[in-house]
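Residues in the sequence shown are numbered consecutively from 231, following the working numbering.
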Amino acid sequence: MDKLTPFRQLARLCLEKGVENVIISPGSRNALLTIAFSGQKGLSCFSISDERSAGYLAIGMALQTGKTTVLICTSGTAALNYAPAVAEAYFQEVPLLVLTADRPPEWIHQYDGQTIFQDNVYGKHVKEAFSWSSDLSDTKLREAESVSNKALNSTQRSPKGPVHINIPISEPFYPSRFEETDVNPWKVIEPKAFKPEIEGVSFLKALRRYPKRLLVVGQQHDEEVGKLASEFAGKFGFILVSDSISNISGGIKNQDHFLKKLSDKEKQTLCPDLLISTDMSLISKSLKLMLRGFDIQAHWHVQSNPAFIDPFRSLTKKVEITPLEFFQQTLNFDGLSNDENYQERWKSLEKKSSDSIRQYFEKPEFSEFHILRKLFHKIPEDCILHVGNSMSIRYVNALNSVLPSGCKVYCNRGTSGIDGCLSTAVGQALKTDKPVYCILGDVSFQYDKNALWNRYLPDNLKIIILNNSGGIIFNMIQGPSDQSSFEDYFKTMQPNRASYLAQEYGLDYFKITSPSEIEEGLRKFLTCHQKSILEIFTDYELNTLSYKKFFES
C-alpha cells in the first residue's frame, strides 16, 4: 500500500460526507494530508498561513454553508493556534473537522523539533477527540476508517461542533512519485436518524396554567426558525423578545433601552409565569439580569444540545429537540387565552422606547453610534452583517430595530472574544455572493489583520473600522475608568491606521474624519464594487457620552 493511500481515502470520505471546503496551513509534517486533500477533485482548498486566522476563516465558511469545514495543520504549536477558533466553534455549535499532523508517539518530549502533547490538545472544547495509529497496517487502517467516519458524523450530529483527529506521521513526508490512480474508497457510515416528539399534553397543560408567557430566542441564523418563532408567539400569546443575533423580524427589540430605567417593582410586572427560551447566547444584559432576578414558575429551554444549560437560573424543563422541530410540532396544537395586561405592558414600553429613540437621533452627533445608524439605513436589505465583539455588537444590538429587512447578523458570541472577527467575516464572504459588511473596532481590526494576509479576498468583503484610538468599552463599565492604570492598561490606546494595510493587500480605502464627510464617505464606500475598507475616526469621549445618553433618553 502506498503511504499516501490512507490520506487520499480520508479526503475521499470527507467529500462523500458533504465536505466542500478545506483550509490548509502550510507545513512539512502535514505534507501527505496536504497532497491528498488538494488533489481530491470536488474539494475547494485554501492555503492560510496563520493558523489562528485560518481557524476563524473555517468558522465563517461553516456558518455560511452549514457544512463541515476541514482544518489541516502541521505538528507542534500550529495546533495550539487553532485553539481559540476551536473553542468558539464549540460554544457556537459550528461544524469543524480539525486534522493535526503529529510526530510518532515515541518522539514526543524527546527534544525533537515541533513536538507537543497533541492528543486531546483541545480538551473539553471539542465534541470528541480521536487519534490514528502511527502504524497503518491493515487492522489499524480499518480503525482509522471507523474513527474518521465517527468524527465526521459527530461534527454534524446535533448539536454540531468541532471534532479533532490527531494523526501521527513518520518520515518520509513526500512521496517520491505520485500517480493519479483510483483508491478503494472508505465505507461511508451514517448515524441512524432519530426524531423526538414534543409532549403535547405537557405543553397545553403549561399554557392553561401560566397566562403570562415570554419567548426568548437566542443566537441563531435559521430564517425558518425566525419566521416560526413569530408565528408561535402570535398563536399562543407569548411576548417574543430577541437580540440582533437572533435574526427575528418581529417582537420586542428595544428591551435594553427600557429595562435599564425600570425599578425592580416595575420589572416584576414584566416577569413571566412561563418562559420558553431557545438556541444560544443573548447579548441583552438587562434582560438576562431581569430574568435571573425573579422566581419564574416554569422555564423550558429548547435546544438539541444535551448539556444542562441554565443561563437564567430558573430551568424547570429541558426540551431536547431543535427549535425548528419544536415550533413545527407545537403549531399543530390549539392556542389558549393569555394575560392581555401582561402583553400590553411589554408593548407599551416598546412603543415608548421606539418614540424616544427616534427623538434622540433627530439631533445629529459626530459619533460612531449615529454614523452606524445612517449606515444601516443605506446598506442593502439582503446582506450579511458580521459584527465584532466589545462595543461593535452593542451598537448593533441597540440599533436592532433599524436593521434592514432580510439582513442576517452574525457575531462570534460563542466565546465573545475580539480575536478572529475579521477572519470569520472573510470566510463568510468567500462562500456567498451577498455583500458581507464586517463592523469592528480598531483594536479588533489590528488584532486580526492577518485575516487580510491571503490571496482569496473577495470583492464582496466590506470592512467598517470604528477608530477611536483604542476602544471605549472600559469607559462603559463601572470600575476601570476609576483606576490610575486606566489609560495604560485598560483603554488600549493605539495610533494605527488601516490605510497602508489597505494599500498593501489591495483594498480600496475610504475614511470619515468630520461631520461634513459622512454622507459622501458612506456613498463612496457603499457604491464601491471592490473589496474595501471604511475607517471612521471619532473621539472616544464623545462616543462614550453619546452611547450613555441614548439609554438616558
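Backbone N, C-alpha and C fix where the C-beta goes; we use that ideal spot for every residue, glycine too.
Note that the coordinates shown come from a computational prediction; the quantities given were computed from them, not determined experimentally.
Here R259 is not near Q340, since their CB atoms are 9 Å or more apart.
Taking a contact as a CB-CB distance under 8 Å, the pair F740 and L764 counts as one, their CB atoms being some 5 Å apart. Here DSSP, grouped into helix, strand and coil, assigns F403 to coil.
Within the model, the alpha-carbon separation for S274 versus C244 is close to 12 Å. Residues of the same chain with a CB within less than 6 Å of the CB of A359, apart from the 5 flanking positions on each side, are N350 and H394 in chain order.
Collapsing the DSSP output to three states places R387 in coil.
Contact between A284 and S255 is confirmed by a C-beta separation of about 5 Å, below the 8 Å threshold. Rounded to whole angstroms, the separation of the alpha carbons of L329 and K581 is 51 Å.
In the three-state scheme derived from DSSP, where H, G and I count as helix and E and B as strand, A359 is classed as strand. Restricting attention to alpha helix (DSSP H) runs no shorter than 4 residues, the region 423-447 encloses them at 430-439, ordered along the chain.
With a 10 Å radius around the Cβ and a threshold of 16 neighbouring Cβ atoms, S432 comes out exposed. When Cβ pairs closer than 8 Å are counted between the two stretches, the region 514-529 is seen to touch the region 487-497, the count reaching three or more.
Listed in chain order, the alpha helix (DSSP H) runs fully inside the region 567-622 are 570-591 and 598-606, counting runs of at least 4 residues. In the assembly as shown, M510 is a buried residue. Its beta-carbon has 16 or more other beta-carbons within 10 Å. If you look at G657, you'll find it in the alpha helix (DSSP H) that goes C651 to L660. In the same chain as N697, and ignoring 5 residues on each side of it, the C-beta atoms closer than 6 Å to its own belong to D672, E765 and F767, in chain order. A Cβ-Cβ contact shorter than 9 Å links V471 with L444. With a beta-carbon spacing of about 32 Å, P335 and P389 fall beyond the 8 Å limit used to define contacts.
Nearest to E496 by alpha-carbon distance, out of K608, G523 and I506, is G523. Here the C-alpha atom of C641 lies approximately 44 Å from the C-alpha atom of D232.
Beta-bridge annotation (DSSP): P392 is paired with L326. Excluding its 5 nearest sequence neighbours in each direction, E323 has C-beta neighbours in its own chain below 6 Å: P389, K390 and G391, listed in chain order.
A Cβ-Cβ distance of about 4 Å is found for the pair S653 and Y286, placing them in contact under the 8 Å criterion. Cβ-Cβ separation between R438 and L579: approximately 27 Å, too far for a contact (criterion under 8 Å).
Under the Cβ criterion (8 Å, minimum of three pairs), the region 605-614 does not count as touching the region 455-469. According to the DSSP assignment, A241 belongs to no beta strand (DSSP E) but to the alpha helix (DSSP H) extending over T235 to E246. Cα atoms of E598 and S586: separation of roughly 19 Å, rounded to the nearest angstrom. In the DSSP assignment, D332 is bridged to P398. Q239 sits close to E375, with the two beta carbons spaced by under 9 Å. Here the alpha carbons of H529 and S378 stand approximately 39 Å from one another.
Residue range N251 to I254 is occupied by the beta strand (DSSP E) that includes N251.
Taken in chain order, the unbroken stretches of beta strand (DSSP E) that lie wholly in the region 478-533 and span 3 residues or more are 504-508 and 528-532. Proximity of the region 361-368 to the region 297-304 falls short of the contact definition, fewer than three beta-carbon pairs being nearer than 8 Å.
Counted as a single uninterrupted DSSP element, the beta strand (DSSP E) harbouring N697 occupies residues L691 to N697.
Taking a contact to require three or more Cβ pairs closer than 8 Å, the region 537-546 and the region 474-486 do not qualify as touching. Each of G257, G269 and D280 was checked against the Cα of K679, and the nearest Cα belongs to D280.
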